[in-house]
Amino acid sequence: MTADKISAACAPWVRTRLRTAPGISAALAVLVFLTAFLAAAFPRSVDAYEAKALRHDVSTASPGQSVLEVTTPPPSLADPRPAREQALREETLAAIDRALVKGLPAPVRADLPLSSYGVHTAKPIVADEEWLPRPNAMPPQLHYAVPSALGDHSRLTAGRWPVSRGEVTTGTREVEAAVTEETAAELKMKPGSTITVPTQGGKALTVRVTGLVTPLHPKSGYWSVDPLYRAPSLVADPGSPTPVFYWTATLLLAPDTGPALLDTSGEPELYWRIAPDPSGLTANEVPRLRDAVASLENGPELLKLRALAGPNTTLTTDLDAILDAYTSMRAAISPVVTVAAVGIGAVAAVVLLMTGGLIGARRHGELALLRSRGGSLRGIGGRLLAETAVSVLPAAALGLLLAVLVIGEARWWPPVVGAASVAVLVCVALPLRTTLYHRRPLLHGAREDVVNAKPSRRRTVAELTLLVLAIGAVAALRRRGTATGSDADLLVSSAPVLVGLIAALVLVRLYPLPLRLAARPVARLRGAVGFLSLARAGRTGASGTLPLLALLIALTTAAFGGSVLAGVADARDAAALRAVGADARISGENVGLTAVPDSLVRSVRAMDGVEDVAAVRIEYSVPLAADLDVRGDTERATLLGVEPGSYARLARETGQPALPVGLLKAGRGQDEVLPAIASPEVAKLLGDEPHTIRSEGGDITVRVAAVRPRTSAVTDSGFLIVDSAGLPARQPTTLMVTGPGADGEELRAAAQGAGQFTVRLRSEEREAFVDTPMQSGAERIYGAAVAAGAGYALLAVLLSLLQTAPERRTLLARLRTMGLTTRQGRRLLAFEAMPQALLAAFGGLLVGWTTIELLAPGVDLAALALAGGESGSPNTASLRADLWSLAVPALGVVVLAAAVAGVQAWWASRRGSIKELRAGDTR
């Protein structure tokens, strides 16, 4: 038969099937559309947030780190003077700048508005003018720079812009300059001020200040790569035995006056500061970007730079350090995200197979008839493939298109592969599974009861193989963890799925036992509904394995994702609490040991939302020795003077170890030993005997009465807590405020009114931990994984009940002819659905909890939860079981099963028995 005849024969078949059963095709298309969208959206989402995180890290980094700074000395003294002068002129520097930008290796790109070039002195020159300020009698040392486009990056606030008078050469004796307002304020400069700069020829160069400017963007690379451009600085003299400071600053000379610096002792240097443009960077370009930067620093690209700017050109940047930090966070988060992807992918695949099984079961009689009348497996499979592809391929394409439209810039091939995998799975699995089921004649009415079924040897071998893989995956995850810094390992990432798979197989094997035990006593009861429901539940056969597998994997994935989100939230709460110590903290720690006035304590206590206030005196670096015995190597600790009652309440509210209030009560005698609560390190140093230490107000004698590993007010590993009533200086320096409803603005207003006190809020500290797009993007993916897992679990329940719906309707019709009432029919269907639903719900709870407990030691969520969090640091985040993530999806399975069973019973009661019990019907 020719190809034209085959297509002519197949086309009417496909059209006929689509017209006959449009609902099934539409439902399959909707499911494929949603699954293809998820399969395409996941890699695009990962690419999008990783690219956004890379651009965020580069753009928010300090310009001193990210800028590519190209520097070169002026031409050699052996060159003619005109050539040396020409090298420092504006037109030469601009031409080299254009060549450098054009010659940057991909993917390095320059952000031209933020880039700059010019000439500056690498060595400061002493300014001997008497009117300049001289702290410690040291004259200031000034730098001189000729930056490009000064007017584009600053605003003139006084005087006029500096200009060059004619062609500036090494013989020019006066040039004009501008300074920033901060420099002018500290160095007492104003328009008209002059600085004399000595030269090697003996004739001084006069620099006249003509204007004061204010930077338009002070944090940009133009002003921040060299902070002296923006503001002066006090510098300690390294050659002085005692601390001696002098001012240093930079004067900004007029454009095209660089040649005037050639004869000075400042060692002029040509520079080009190229700000990288991160707008087009993607995560996949990081290796190329790192190689390009390394080549620019010390490789073939550096030789190209030297050919353009000079033989002694160098390039310095910390962009490679930014890329290393980004790569480390990406490597820590990627395996955790892959766990969610593998889980949802497995659930989606099982649900698609269940859908194919449902469609194949509905068409069992039709295909058996075709097979009995001579239809070949190839012909039947070809027709099934054609009618499946007609609805599946457009749905998968639409899912891919929607993912591309919804999620922005990302790679093309991963979403295409994801959507194509969904389409291929459905187009191949449905015809293949259906046709292979009809490869040999089937006896009508053959039963595959779970109670009587005996697993084959092949099944046993397959289950044992999966068990070995699951044990290996769990062991690898616990031993290696997810924060290894390597790429995601699919075996490790599939550990939750493998655990759920093994649990499903074990539960299917154990499923007959409770049915057998329950059927015996129920059979003795007078009513038939209970016995019939258990008997029916025991006849689910092999078709019940796939729904149970889908349910357990979906519930395990949802529980794992919810537990990840709960672990992240807990870690951020705990880290914020460690940083602040209470709901709010008011202290003068930034301005020394400042006592909090009693008026501030009273006003804070009276505020709305404040539940309690613990006044604490904190003295840092207190020597653990008496005044006369203090040396440079004396051990030190943080001394806390507390009011025992309020501080004990604070410890209780913040989850810290309980404090023995009675032990801290201090006596009133001057020579009495103060009982103290110490950290383990301090307790080991002091021992059990009384020990004299030096406090701010004088020596005190303490004895360690109790040991606590941590405390609320400080995060130091070495601390000592005593009753403040026993301290010579007992005024509090910090207020620990308890009360989540405390108003931060009101607290800050009270603190500012009492003096220079800072206010830190636990809520603000909590928000500060989420500061990278990579963290927020991974969290959104886990939130979607929880929702998708729960949705697929409910869909698996619905499909499993729909698969047996025709048989249930027929059963009810037959039983109604025997006197079964409508109420009894509803109870029968509900009781029949409950064993498997309860098994799935209870198994999902148990398996989800077990999976989290097994995998928790190997899952470190620090990089996902905390900005810059590293494994093993105090700010670590571990996985924990979340009750809501475990219980809500499992409860939803039971509720949905009961609801579907009730709807089926109600619908069956509305249909007459005549339609269900047709002559010749073999159901």
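Numbering of the sequence shown is given in the numbering used here, commencing with residue 80 and proceeding in unit increments.
Glycine residues also receive a C-beta, built at the ideal position from the N, C-alpha and C atoms.
Original post:
Tell me the DSSP bridge mates of L580?
Top reply: Residue 580 sits at position 501 when you count from the first residue of the sequence shown. Per DSSP, none; premise fails for L580.
Original post:
Should R599 go down as buried or exposed, given a rule of 16 or more other Cβ atoms within 10 Å for buried?
Top reply: As a first step, residue 599 is located in the sequence shown; it is residue number 520 there, counting from the start. With a threshold of 16 other beta carbon atoms within 10 Å, R599 falls short and is exposed.
Original post:
For S791, which of R213, F836, P270, A727 has the nearest alpha-carbon?
Top reply: Locating residue 791 in the sequence shown gives position 712, where the first residue counts as 1. Nearest neighbour of S791 by Cα position, chosen from R213, F836, P270, A727, turns out to be A727.
**OP:** Kindly identify the DSSP beta-bridge partner or partners of G238.
**Re:** As a first step, residue 238 must be located in the sequence shown, where it is residue number 159. According to DSSP, which records beta bridges pairwise, G238 is partnered with G290.
Original post:
If you follow the beta strand (DSSP E) that H770 is part of, which residue opens it and which one closes it?
Top reply: For this step, residue 770 is matched to residue 691 along the sequence shown. Its beta strand (DSSP E) spans residues 770–774.
Original post:
Are V816 and A694 closer than 8 Å when you measure CB to CB?
Top reply: Taking the first residue of the sequence shown as 1, we reach residue 816 at position 737. Taking the first residue of the sequence shown as 1, we reach residue 694 at position 615. Taking 8 Å as the cut-off, the Cβ atoms of V816 and A694 do not count as close.
Subject >> Residue range of the beta strand (DSSP E) that includes P101 >> reply: Translated into the one-based positions of the sequence shown, residue 101 becomes position 22. Taken as a continuous stretch (DSSP letters only), P101 belongs to no beta strand (DSSP E), being part of the alpha helix (DSSP H) at 101–139.
**OP:** Could you please give me the residues that DSSP links to A427 through a beta bridge?
**Re:** Counted from its first residue, the sequence shown places residue 427 at position 348. Answer is none; A427 lacks a bridge partner.
**OP:** Check each candidate in A582, S573, P122, T95 and name the one with the smallest Cα separation from T929.
**Re:** To locate residue 929, count along the sequence shown from 1; it is residue 850. Ranking A582, S573, P122, T95 by CA distance to the CA of T929 puts A582 first.
Original post:
Secondary structure at I459, three-state DSSP: helix, strand or coil?
Top reply: Taking the sequence shown and counting its residues from 1, the one referred to as residue 459 is at position 380. DSSP places I459 in the helix class (H, G or I) of the three-state scheme.
Subject >> Whole-angstrom distance between L156 and G150, CA atom to CA atom >> reply: Locating residue 150 in the sequence shown gives position 71, where the first residue counts as 1. Locating residue 156 in the sequence shown gives position 77, where the first residue counts as 1. The amino acid at residue 150 is misidentified as Gly; the sequence shows Thr. Straight across, the Cα-Cα distance linking T150 with L156 is about 18 Å.
**OP:** Indicate whether the contact test is met: 3 or more Cβ pairs, each with one atom in the stretch 888–905 and one in the stretch 541–560, closer than 8 Å.
**Re:** Not touching, per the Cβ criterion.
Subject >> DSSP-derived helix/strand/coil call for A257 >> reply: In the sequence shown, residue 257 corresponds to position 178, counting from 1. In the structure shown, A257 sits in a strand (DSSP, three-state: E or B).
Original post:
How is R188 classed by DSSP in three states: helix, strand or coil?
Top reply: Position 109 of the sequence shown, counted from the start, is the residue given in the question as residue 188. Annotated three-state conformation of R188 is coil, per DSSP.
Original post:
What separation, rounded to the nearest whole angstrom, lies between the Cα atoms of Y308 and P294?
Top reply: To locate residue 308, count along the sequence shown from 1; it is residue 229. To locate residue 294, count along the sequence shown from 1; it is residue 215. If you take the alpha carbons of Y308 and P294, they lie about 10 Å apart.
Original post:
Can we say the stretch 178–198 touches the stretch 384–400, given the rule of at least three CB pairs closer than 8 Å?
Top reply: Contact between the stretch 178–198 and the stretch 384–400 is present, because at least three Cβ pairs lie under 8 Å.
Original post:
Roughly how many whole angstroms lie between the Cα atoms of V793 and L877?
Top reply: Position 714 of the sequence shown, counted from the first residue, corresponds to residue 793. Position 798 of the sequence shown, counted from the first residue, corresponds to residue 877. Straight-line measurement puts the Cα of L877 at about 55 Å from the Cα of V793.
Original post:
What are the boundary residues of the alpha helix (DSSP H) that includes I665?
Top reply: Translated into the one-based positions of the sequence shown, residue 665 becomes position 586. No alpha helix (DSSP H) contains I665, which is instead part of the beta strand (DSSP E) from 663–666.
Original post:
Which ranges does the alpha helix (DSSP H) cover as unbroken runs of at least 4 residues, wholly within the stretch 430–512, from first to last along the chain?
Top reply: Counting whole runs of 4 or more residues, the stretch 430–512 contains the alpha helix (DSSP H) stretches 443–451, 456–485.
Original post:
Exposed or buried, what is A427 when buried is set at 16 or more other beta-carbons lying within 10 Å of its beta-carbon?
Top reply: Translated into the one-based positions of the sequence shown, residue 427 becomes position 348. The residue is buried, with at least 16 neighbouring Cβ atoms inside 10 Å.
Original post:
For F112 versus A655, is the C-beta distance shorter than 8 Å?
Top reply: Reading the sequence shown from its first residue, position 33 is the one you call residue 112. Reading the sequence shown from its first residue, position 576 is the one you call residue 655. In this structure, A655 does not lie closer than 8 Å to F112 by Cβ.
Original post:
What separation, rounded to the nearest whole angstrom, lies between the Cα atoms of R558 and P936?
Top reply: Translated into positions along the sequence shown, residue 558 becomes position 479. Translated into positions along the sequence shown, residue 936 becomes position 857. Their backbone Cα atoms lie some 8 Å apart in a straight line.
Original post:
Near S272, what residues of its chain come up, given a Cβ to Cβ distance below 7 Å and the 5 sequence neighbours on each side ignored?
Top reply: Here residue 272 refers to the residue found at position 193 of the sequence shown. Excluding sequence neighbours, S272 sits near V288.
**OP:** With Q165 as the anchor, note down where its beta strand (DSSP E) starts and where it stops.
**Re:** Mapped onto the sequence shown, residue 165 falls at position 86. Per DSSP, Q165 belongs to no beta strand (DSSP E); it is in the alpha helix (DSSP H), 160–166.
Original post:
Quick one: any contact between the stretch 350–366 and the stretch 104–111, if contact means 3 or more CB pairs under 8 Å?
Top reply: Counting C-beta pairs with one atom in each stretch, the stretch 350–366 and the stretch 104–111 have fewer than three that are closer than 8 Å, which means they do not touch.
Subject >> alpha helix (DSSP H) runs contained entirely in the stretch 741–829, provided each spans 4 or more residues >> reply: Unbroken alpha helix (DSSP H) stretches of 4 residues or longer found wholly inside the stretch 741–829: 759–765, given in chain order.
**OP:** Determine the DSSP secondary structure at R651, reduced to helix, strand or coil.
**Re:** Residue mapping note: residue 651 aligns to position 572 of the sequence shown, counting from 1. Judged by DSSP in its simplified three-state form, R651 adopts helix.
**OP:** Could you spell out where the beta strand (DSSP E) holding L330 opens and where it closes?
**Re:** Along the sequence shown, one-based indexing puts residue 330 at 251. Run containing L330: 324–332, per the beta strand (DSSP E) assignment.
Subject >> Straight-line Cα distance separating A333 from S243 >> reply: In the sequence shown, counting from the first residue as 1, residue 243 sits at position 164. In the sequence shown, counting from the first residue as 1, residue 333 sits at position 254. A straight line joining the alpha-carbon of S243 with that of A333 spans about 6 Å.
**OP:** Give the single residue among V683, F910, D126 whose Cα lies nearest to the Cα of W492.
**Re:** Here residue 492 refers to the residue found at position 413 of the sequence shown. Closest option to W492, Cα to Cα, is D126.
**OP:** For R773, count neighbouring C-beta atoms within 10 Å of its own C-beta (all shown protein chains included) and say buried if the count is 16 or more, exposed if not.
**Re:** In the sequence shown, residue 773 corresponds to position 694, counting from 1. Around the beta carbon of R773, 16 or more other beta carbons lie within 10 angstroms, which makes this residue buried.
Subject >> Rounded C-alpha distance that separates V701 from E775 >> reply: As a working note, residue 701 is residue 622 in the sequence shown. As a working note, residue 775 is residue 696 in the sequence shown. Straight across, the Cα-Cα distance linking V701 with E775 is about 8 Å.
**OP:** In the DSSP assignment, find the beta strand (DSSP E) that holds S312 and state where it starts and stops.
**Re:** Here the question's residue 312 lines up with position 233 in the sequence shown. 312–315 is the span of the beta strand (DSSP E), which, as asked, contains S312.
Subject >> Beta carbon of A872 nearer than 8 Å to that of A638 >> reply: What you label residue 872 is simply residue 793 of the sequence shown in a count that begins at 1. What you label residue 638 is simply residue 559 of the sequence shown in a count that begins at 1. One thing to note: A872 has its Cβ no nearer than 8 Å to the Cβ of A638.
Subject >> Residues bridged to A339 [DSSP beta-bridge criterion] >> reply: As a first step, residue 339 must be located in the sequence shown, where it is residue number 260. In DSSP, A339 forms no bridge with anything.
Original post:
So V1006 packs on A339, CB below 8 Å; how close in whole Å?
Top reply: Residue 1006 is absent from the structure shown; the chain starts at 80 and stops at 1002.
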